[in-house]
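Asker:
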Amino acid sequence: MIAIKNPQQIAVMAEGGKILADILKHIGEEAVPGATTKELDELALKLVIEHHVEPAFLDYEVAGYRYPATLCVSVNDEVVHGLPSSRALKFGDLVGLDMGIIYKGWNLDSALTIPVLNRSSWAEDHAEWEEKNPRIAELIQTTWEALELGIVEARPGNRIGQISSAIQAHVDQHGFGVVRDLVGHGVGRNLHEEPAIPNFGTPDEGPIIKEGMVLAIEPMITAGSWEIVLQKDHWTYKTKDGSWAAHFEHTVAVTKDGPVILTKL
Numbered sequence: 001m002i003a004i005k006n007p008q009q010i011a012v013m014a015e016g017g018k019i020l021a022d023i024l025k026h027i028g029e030e031a032v033p034g035a036t037t038k039e040l041d042e043l044a045l046k047l048v049i050e051h052h053v054e055p056a057f058l059d060y061e062v063a064g065y066r067y068p069a070t071l072c073v074s075v076n077d078e079v080v081h082g083l084p085s086s087r088a089l090k091f092g093d094l095v096g097l098d099m100g101i102i103y104k105g106w107n108l109d110s111a112l113t114i115p116v117l118n119r120s121s122w123a124e125d126h127a128e129w130e131e132k133n134p135r136i137a138e139l140i141q142t143t144w145e146a147l148e149l150g151i152v153e154a155r156p157g158n159r160i161g162q163i164s165s166a167i168q169a170h171v172d173q174h175g176f177g178v179v180r181d182l183v184g185h186g187v188g189r190n191l192h193e194e195p196a197i198p199n200f201g202t203p204d205e206g207p208i209i210k211e212g213m214v215l216a217i218e219p220m221i222t223a224g225s226w227e228i229v230l231q232k233d234h235w236t237y238k239t240k241d242g243s244w245a246a247h248f249e250h251t252v253a254v255t256k257d258g259p260v261i262l263t264k265l
């Protein structure tokens, strides 16, 4: 059953969404060469405490395994759910930061993918990185654009498949892979609710979108094959062919006037 939220509940979720956006922004600023993924996770927990919210991922259980961290940190060929560790980020790495919080009983979920660059010379480094890695830069841009195009379709009367097909069509145009095994989802009192939101499919598929739905839309895109492999840690998914991956996510409310992004500053 798909849970419908009223305008007052969505307003509360929007408050939480701004907090999550602010936290992710700060974490992204610290994703620099030499920082470990564990240090980023520790910062995430510190910011959660400072903002008086709860971590949604910590101890979240799937298939009998509890997630042991506040933040998912996925590097290069890791698609999603990367476990924080002593691994130090290197200049030019691609890092995905995925995080959820609970605010006044409501879950919010968001993710971004960025290159690892020096903060003091970010603009210069970014230009150089793009020049040396044009295909990966295109991967990031395409994944972000796919999210935006999917969000546009999150309006009353459309089907979930219209979100899915908009994402897939854009990604296919650029020759990247759309992960099939993991999908977006509804979000609210629970982190994962109905409906499932694939990043592939046809416009006539899935339930009809209704006012009051809140959706976590999250394209997970690879530079090569769409196939992924779950690692022995029971959480991290890597691309099967070793290609790098990008992941963006927003929590989006469906209103009578169209989609409203809750997890942006």
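In terms of UniProt numbering, the sequence shown opens at residue 1 and continues consecutively.
A virtual CB, placed ideally from N, CA and C, is assigned to each residue, including glycine.
1. Could you give the DSSP three-state label for Trp226: helix, strand or coil?
2. Under the rule that 16 or more other beta-carbon atoms within 10 Å means buried, what is Pro7, buried or exposed?
3. Gly157 and Pro203 look like a contact to me (Cβ under 8 Å); what is the Cβ gap, rounded to whole Å?
4. Just confirm the distance between the C-beta atoms of Trp129 and Leu117, as a whole number of angstroms; I'd bet it's less than 8 Å.
5. Do you know offhand how far Glu131's Cα is from Ala11's?
6. In angstroms, rounded to a whole number, what distance separates the CA positions of Pro55 and Lys38?
7. Grab me the residues of His51's own chain with a C-beta within less than 6 Å of its C-beta, minus the 5 sequence neighbours each way, in chain order.
8. Which of the three DSSP states is assigned to Met13 in this structure?
9. Which whole-angstrom value is the C-beta distance of Cys72 and Gly64, which I expect to be below 8 Å?
10. Which parts of the segment 151 to 196 are runs of the alpha helix (DSSP H), unbroken and 4 residues or longer, counting only runs that do not cross its ends?
11. With DSSP as the reference, label Ala246 as helix, strand or coil.
12. To the nearest whole angstrom, what separates the beta carbons of Glu17 and Leu149, a pair I think is in contact under 8 Å?
13. Could you tell me the boundaries of the alpha helix (DSSP H) in which Ile217 lies?
14. As a quick exercise: from Ile261, Trp244, Ala166, pick the residue whose alpha carbon is nearest that of Val252.
15. Can you give the Cα-Cα distance for His170 and Ala146, rounded to whole angstroms?
16. When burial is assigned at 16 or more other CB atoms within 10 Å of the CB, is Pro198 buried or exposed?
17. Considering just the uninterrupted stretch of the beta strand (DSSP E) at Lys38, what are its terminal residues?
18. Taking only the alpha-carbon atoms, compute the straight-line gap between Ile140 and Ile114 and give it to the nearest angstrom.
19. So, under 8 Å CB-CB, Leu265 and Lys25 are touching, yes? Tell me the CB distance rounded to an integer number of Å.
20. Within this structure, are the beta carbons of Ala216 and Glu194 separated by less than 8 Å?
21. In the DSSP assignment, find the unbroken beta strand (DSSP E) run with Glu78 in it and report its ends.
22. Within the segment 53 to 79, note down every full alpha helix (DSSP H) run reaching 4 residues or more, in order along the chain.
23. Quick one, which of Val214, Phe176, Gly201 has its alpha-carbon nearest His192's?
24. In terms of alpha-carbon separation, which member of Ile23, Met13, Glu29 lies closest to Ser121?
25. Contact check, Gln231 vs Lys240 under 8 Å by CB: the rounded distance?
26. Identify whether Ala146 lies in helix, strand or coil by the three-state DSSP scheme.
27. Hey, would you say Pro84 sits closer than 8 Å to Ile151, going by beta carbons?
28. Run the CB neighbour count on Pro1, radius 10 Å, all protein chains shown included, and call it buried at 16 or more, exposed below.
Answerer: Taking the coordinates as given:
1. coil
2. exposed
3. Rounded, the Cβ-Cβ distance is 12 Å, inconsistent with contact.
4. 6 Å
5. 42 Å
6. 15 Å
7. Ile19
8. helix
9. Contact flag wrong, Cβ pair sits at about 19 Å.
10. 160 to 173
11. strand
12. The sequence given here has Gly at residue 17, not Glu. Gly17 to Leu149, Cβ: 20 Å. No contact.
13. Note, Ile217: premise wrong, no alpha helix (DSSP H); beta strand (DSSP E) at 214 to 217.
14. Ile261
15. 6 Å
16. buried
17. Lys38 -> not in any beta strand (DSSP E); alpha helix (DSSP H) instead, spanning 37 to 50.
18. 8 Å
19. 7 Å
20. no
21. 78 to 80
22. none
23. Val214
24. Glu29
25. At roughly 12 Å, the Cβ-Cβ gap does not stay under 8 Å, so Gln231 and Lys240 are not in contact.
26. helix
27. no
28. Before going further, note that residue 1 is Met rather than Pro in the sequence given. It is exposed - the Cβ of Met1 has fewer than 16 other Cβ atoms within 10 Å.
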